[in-house]
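In what follows, a structure is listed as structure tokens, so that the remarks can point back to it.
Number of protein chains: 2
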Amino acid sequence: MPHDDAIAATFAPHDHQQCASRVLDEAATRLAGQGARLTPVRRRTLEILLESHRAMGAYEVLDRLAAEGFGRQPPVAYRALEFLVTHGLAHRLQRLNAFAACLHPGHDHHPAFLICRSCDKVAEAAAAPIRDALTAVAAQGGFRVERATVEALGLCATCAEEGVA
Amino acid sequence: MPHDDAIAATFAPHDHQQCASRVLDEAATRLAGQGARLTPVRRRTLEILLESHRAMGAYEVLDRLAAEGFGRQPPVAYRALEFLVTHGLAHRLQRLNAFAACLHPGHDHHPAFLICRSCDKVAEAAAAPIRDALTAVAAQGGFRVERATVEALGLCATCAEEGVA
DNA sequence: GTTGACTTGTTATGCTGTAACACACAGAAC
DNA sequence: GTTCTGTGTGTTACAGCATAACAAGTCAAC
Ligand SMILES: [Zn+2]
Ligand SMILES: [Zn+2]
Ligand SMILES: [Zn+2]
Ligand SMILES: [Zn+2]
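So the sequences go chain by chain: U and X. Reading the first sequence from the start, the letters are residues -5 to 159 in the numbering used here. Reading the second sequence from the start, the letters are residues -5 to 159 in the numbering used here.
Below, the structure is given as structure tokens:
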């Protein structure tokens, strides 16, 4: 589960090199434990997503892969992305038709997303309290929630401090 | 705001004829008050959405409109749908790339959606408690939520009673 | 070394959404 | 009543997102 300040850490300036390589290590370890293979395309795709905290469209990822000698047809990117999502290493953002690397693989695989409309960065927030509220409201109507999509658009602390309205 | 049992009412069998015409009346009244025009295409589009409690894709709506003598090109449907969404008479569902009529126009324009995976119907739930939880979690990270997308996939009471797993 | 599961690449196509332009029509200005 | 202006409706053409179906390479297991 993300710490209370995992959100702020995402948006604030930080040693992103270390941030990315930590996630990559965790990902490799995690996959090894599942017997899944982090092949070159898949690894490179994850690295590309990890270059920033933004979400990227599949075709944006594809352009990068193609430029580096991988296939240049859509399924190449979509398959790698689907693999990452399936194994909890990336998330899909419905609002953006885009993908973002998961920053704490192995924890909460259906987090709430906070998308800054100014810097475009995406943070993952603990979904449990939100899911609880949703489940409660739904239960009053006899509805059983199985999966929830929670994506918030707004302004991050860093952008707010810089005076973005 | 939806009543506690507005959710159940959506999924359970009911006098949908009356359900639809009530919404249509409210919509007309509401638009008149805003000086907006419920033209034939727009009205028909809303009626089509109101035929069921399901969400429809823009092209599905377009086919219907075209069959009834309206234009057969995508912008015809997208424009009518955009108008309805802008005026709070319909909602867009991100997960489904689809649109559904708003069942209580004028109340909570950013509800949480409950989508039944069995009967495909969509209900609107009170978003306030969920938004509060989300806002609180985000605030801990310094993030200010402006708009939130909350869409739950699950099973409605009616389908559950019918033994759908 | 052959089998079979998996991965990666391709071509082709389908679904979703928008930009730009032409015309019709209503109400205001004259 | 004519002209102007804004809004609405229709078109063509295109952009962006996603998948189906097939071919060929890899690699461990047998
Ligand atoms: Zn980082
Ligand atoms: Zn920001
Ligand atoms: Zn109804
Ligand atoms: Zn149902």
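The C-beta atom is built at its ideal place from N, Cα and C for all residues, glycine as well.
Residue i Cβ short of 6 angstroms to ligand 2 heavy atom set
i                 : result
Ser112 of chain U : yes
Assigned secondary structure, residue i (DSSP; H/G/I helix, E/B strand, else coil)
i                  : result
Glu118 of chain X  : strand
Val139 of chain X  : strand
Leu18 of chain U   : helix
Asp(-1) of chain U : coil
Leu83 of chain U   : coil
Phe93 of chain X   : strand
Arg24 of chain X   : helix
Thr33 of chain X   : coil
Asp57 of chain U   : helix
His10 of chain U   : helix
Arg38 of chain U   : helix
Arg73 of chain X   : helix
Ala159 of chain X  : coil
Gln134 of chain U  : helix
Ala154 of chain X  : helix
Any non-hydrogen atom of ligand 3 closer than 6 angstroms to residue i Cβ
i                : result
Cys96 of chain X : no
His10 of chain X : yes
Cys13 of chain X : yes
Where residue i meets chain U, residues with beta-carbon distance less than 9 angstroms
i                 : result
Cys150 of chain X : Gly135, Gly136, Phe137 and Arg138
Pro123 of chain X : Ala127, Leu128, Ala130 and Val131
Contact set between residue i and chain X, taken where Cβ atoms lie within less than 9 angstroms
i                 : result
Val116 of chain U : The premise fails here: Val116 of chain U is roughly 11 angstroms from chain X at the closest Cβ pair, so nothing lies under 9 angstroms.
Ala71 of chain U  : The contacting residues do not exist; Ala71 of chain U stays about 20 angstroms from chain X at best.
Residue i: contacting residues in chain U (beta-carbon distance under 7 angstroms)
i                 : result
Leu97 of chain X  : Residues of chain U passing the Cβ test: none, with the nearest at roughly 13 angstroms.
Asp57 of chain X  : Simply none; closest approach about 23 angstroms.
Val158 of chain X : Those within 7 angstroms of Val158 of chain X in chain U number zero; the least Cβ separation is about 11 angstroms.
Ala120 of chain X : Val131
For residue i, the residue or residues it bridges with in DSSP
i                 : result
Cys110 of chain U : U:Gly148
Arg48 of chain U  : U:Lys115
Neighbouring residues, chain U, relative to residue i (Cβ below 8 angstroms)
i                 : result
Pro141 of chain X : The question names Pro, but residue 141 of chain X in the sequence shown is Arg. Ala146, Leu147 and Gly148, listed in chain order.
Ala154 of chain X : Gly136 and Arg138
Closer than 6 angstroms: residue i CB and nearest ligand 4 heavy atom
i                 : result
Cys150 of chain U : no
Cys153 of chain X : yes
Proximal chain X residues relative to residue i, where beta-carbon distance stays under 7 angstroms
i                  : result
Asp(-1) of chain U : Gly135
Ala2 of chain U    : Gly135 and Gly136
Chain X contact residues for residue i, given Cβ-Cβ distances below 8 angstroms
i                 : result
Leu108 of chain U : Ala132, Gly135, Phe137 and Val139
Residues of the segment 74 to 95 of chain U with Cβ closer than 7 angstroms to any Cβ of chain X, in chain order: Result list: Gln88 and Arg89.
Positions along the segment 14 to 26 of chain X whose CB lies within less than 8 angstroms of some CB in chain U: Taking 8 angstroms as the Cβ-Cβ cut-off against chain U, none of the residues of the segment 14 to 26 of chain X qualify.
In the segment 37 to 66 of chain X, which residues sit with their C-beta less than 9 angstroms from some C-beta in chain U, listed in chain order? Taking 9 angstroms as the Cβ-Cβ cut-off against chain U, none of the residues of the segment 37 to 66 of chain X qualify.
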